[in-house]
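Structure first, commentary second.
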Amino acid sequence: MQRFLTLTKAMFLVYLRERSTLFWNFAFPVFLLVIYAAVFGGDDLPGFMGWMVPGVLAVNILAFGLISSATMMTEFRQKGVLRRLQASPVPTLTLVGAYIVVNVAVAVLQAALVVAVAMTFYGLQLPAVNLLLALPMVLLSVLMSVALGQVVSGVAPGSGGAVAIGQILYFGQMFIADLIMPIEQMPGWIQSVGPWLPGYAIAQLVRPPLQTGALSPEFGANLLLTLVYGAAAALLAAWLFKWEARS
Amino acid sequence: MTTPILEVDHVFAAYGRGAARIEALKDVSLSVERGEIFGLLGPNGAGKTTLLSCLEGLHQPESGSLRIAGLAPRQGKAKLGVQLQKTALLDDLTVVELIELYTALYAVFPTRAQIDALLTRFDLAEKRTKFIRHLSGGQQQRVALAIAIANNPEIVVLDEPTSALDPHARRAVWDLIRSLHDEGRTVILTTHAMEEAEALCGRVAIIDRGQIIATGTPASIVAGLNINPVLKAAAELPLEQVRALPGAQAARYSGQYLEVETTHPQTTMPALHALAAQLGRNLSEVALRQPNLEDAFLKLTGRALSA
Ligand SMILES: Nc1ncnc2c1ncn2[C@@H]1O[C@H](COP(=O)(O)OP(=O)(O)OP(=O)(O)O)[C@@H](O)[C@H]1O
Ligand SMILES: [Mg+2]
């Protein structure tokens, strides 16, 4: 247990001390919220926030998994950190567990920050029970997104490659998965592709507790989609996983 | 004799498949006794790192077996302290945090005082709260070495422990490695520096192109090859004429020094002086040098150890 905690603490410090992670995970989400509120907020700011916050959360959760988490693993691999960990007697399961705990912790902190900013500055009102209900949705979404990120890390040749692949997947979804642009305003093909994207599923999972307050029939389908994508990505990531960078 | 603490038995190891296949180890066998400082000496690409990787459980050999105190590498990992050739430190941690992390991986939890003692021993005491990214290359190498013994291992595996160091720091590391030996630990290290192997190692294995071509104490390896003594001199003389001197077996330039292998130094030396005088060339710093591991490598492979 002490071993697990020390490992978790070290990985957590590595995340928090990396400047680009700090920017993308904590400054950028708030920035996104502020810009969108200023540009599209209109008169009903709290109402707009109700639609916007789940979208921004979904965007950030995607970015976190596909970029931050993927890049961190790729860098560990490239620098030979994974190799050194492999040479120690620590069980692989302990490493994986610590990595997941740290990733989830950082992503949940980031989600909490976005919600807190929306509630404090933009009049978003949410009862505590909704926040509590949002937590498992966020956790599940983060796990899926981190699993997707590990697939990216498994196929990306280097950390630069991981960032590029992650960004393509993330920026693509940002606009066509009903996250920060309503999908109804999109061309027909996007309206048929969008709902199959992981980002769409994430947004739909966090929407009921944070916006609509009611479970739509779609909710179950999106929950299932998230579980299936997450499990498939985790298996694929495990299969693709390498301790050492290709030379 | 007791059972060896490290046993490598007919190991074959390769990378890649098909046309890209590289056979990195071809039938390597050796054994290391408890408490030895054992050196793997060989040029770039000889297979030193691959052999250590097999021991560390990082590379699966195609055939053959390895034992760490009787255990298979995967089970024996806890007995090893490891410094990999490619230093793998987390830049964003401080020295103390890094030591705590790498000891925890071995389920070892040193006290602050123990960590301080370790850092003092590696001359890192005033760097304890510095980030790894702010340390020099040599300091990082010392951190990597400190990590290799922080878990209090029986066996310390060091891959080129002095490659990034200046001559002074290199000697300091030699002293540290000797102190590990004095504590009763077993050390296996790699190097391509002949003088490092001679200064440090009780026994060495010379490895070349994936094969061990000689094993023993540095002195016994050299003695077993019946290599002639070498006349060394600062001079610029035509090699052909030098080779024709009485007693001379071979002649070459090593750095700016002329080296002449000779069966009869007492006749070759005056003849060399005479040749220099005849050609009107300078001849200084003439000395007779006993053959060393570098000469042994040359004799065994026909190639120079240090390119
Ligand atoms: N990951 C790898 N993939 C493919 N080939 C490799 C890999 N690692 C080593 N090799 C090859 O295996 C051979 C032995 O390499 P190894 O790293 O064991 O040599 P070495 O003696 O440690 O050399 P050096 O002194 O340069 O560190 C070399 O031909 C090298 O190119
Ligand atoms: Mg090597």
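Residue numbers (my numbering), protein chains in the order written: chain Y, 886 to 1132; chain F, 10 to 316.
Cβ coordinates follow ideal geometry from the N, Cα and C atoms, glycine included.
- For threonine 59/F, the distance from the CB to the nearest heavy atom of ligand 1 is below 6 Å.
- Residues Gly44 of the same chain have their beta carbon placed closer than 7 Å to that of glycine 193/F, with the five preceding and five following residues left out of the count.
- Judged by beta-carbon spacing, isoleucine 230/F lies beyond the 7 Å limit of lysine 308/F, meaning their Cβ atoms are not closer than that value.
- For arginine 212/F, the enclosing beta strand (DSSP E) stretches over residues 212-217.
- Put simply, of Ala97/F, Arg180/F, Arg83/F, Asp184/F the residue whose alpha carbon is nearest the alpha carbon of threonine 977/Y is Arg83/F.
- Lys86, Ala87, Val91, Leu93, Lys95, Ala97, Leu99, Asp101: these are the residues of the segment 68-101 of chain F whose beta carbon lies less than 7 Å from some beta carbon of chain Y, given in chain order.
- Proximity of lysine 964/Y to chain F, defined by a Cβ-Cβ separation below 7 Å, is satisfied.
- Taking all protein chains in view, the Cβ of leucine 288/F is surrounded by fewer than 16 other Cβ atoms within 10 Å, so the residue is classified as exposed.
- Between the C-alpha atoms of phenylalanine 933/Y and proline 939/Y there is a straight-line separation of about 11 Å.
- Bounds of any alpha helix (DSSP H) do not take in leucine 93/F, whose DSSP letter is neither H nor E.
- Per DSSP, the unbroken beta strand (DSSP E) holding valine 269/F starts and ends at 266-271.
- Cβ proximity to chain F below 9 Å picks out nothing from the segment 1040-1055 of chain Y.
- Boundaries of the beta strand (DSSP E) harbouring histidine 19/F: 15-24, taken from the DSSP string.
- Between the alpha carbons of leucine 281/F and proline 300/F lies a gap of roughly 19 Å.
- Chain F has a Cβ within less than 7 Å of the Cβ of valine 899/Y.
- Exposed is the label assigned to glutamine 265/F, since fewer than 16 other Cβ atoms lie within 10 Å of its Cβ.
- Only those residues of the segment 973-986 of chain Y whose C-beta falls short of 8 Å from the nearest C-beta of chain F are listed: Ser973, Pro974, Val975.
- By the criterion of a C-beta distance shorter than 6 Å, alanine 55/F is surrounded in its chain by Ile216, Asp217, once the five residues flanking it on both sides are discounted.
- At a cut-off of 7 Å, the C-beta of threonine 891/Y has a neighbouring C-beta in chain F.
- At a cut-off of 3 residues, not a single continuous stretch assigned as beta strand (DSSP E) sits fully inside the segment 90-153 of chain F.
- For the pair threonine 138/F and threonine 103/F, the CB atoms are nearer than the 7 Å cut-off.
- The residues Asp36, Ser38, Gly73, in chain order, have a CB closer than 6 Å to that of histidine 19/F in the same chain once the five nearest residues on each side in sequence are set aside.
- For glutamine 94/F, the shortest C-beta to heavy atom distance toward ligand 2 is below 6 Å.
- At a cut-off of 7 Å between beta-carbon atoms, glutamine 1089/Y makes no contact with chain F.
- Within the chosen limit of 6 Å, ligand 1 reaches the beta carbon of glycine 54/F through at least one heavy atom.
- For glycine 225/F, the enclosing beta strand (DSSP E) begins and ends at 220-225.
- Within the model, the alpha-carbon separation for alanine 948/Y versus tryptophan 909/Y is close to 8 Å.
- Each of Leu174/F, Ala173/F, Glu268/F, Ala155/F was checked against the Cα of serine 188/F, and the nearest Cα belongs to Ala155/F.
- With a threshold of 7 Å between beta carbons, arginine 1131/Y makes no contact with chain F.
- Against chain Y, the beta carbon of alanine 22/F has no neighbour under 9 Å; the closest one sits roughly 14 Å away.
- Taking 6 Å as the cut-off, the C-beta of alanine 97/F does not count as close to any heavy atom of ligand 1.
- Put simply, the CB of alanine 895/Y is near chain F, with a gap under 7 Å to one of its CB atoms.
- Just so you know, the alpha carbons of serine 1038/Y and proline 1067/Y end up roughly 30 Å apart.
- Membership of glycine 1039/Y in the alpha helix (DSSP H) is indicated by the continuous run 1013-1040.
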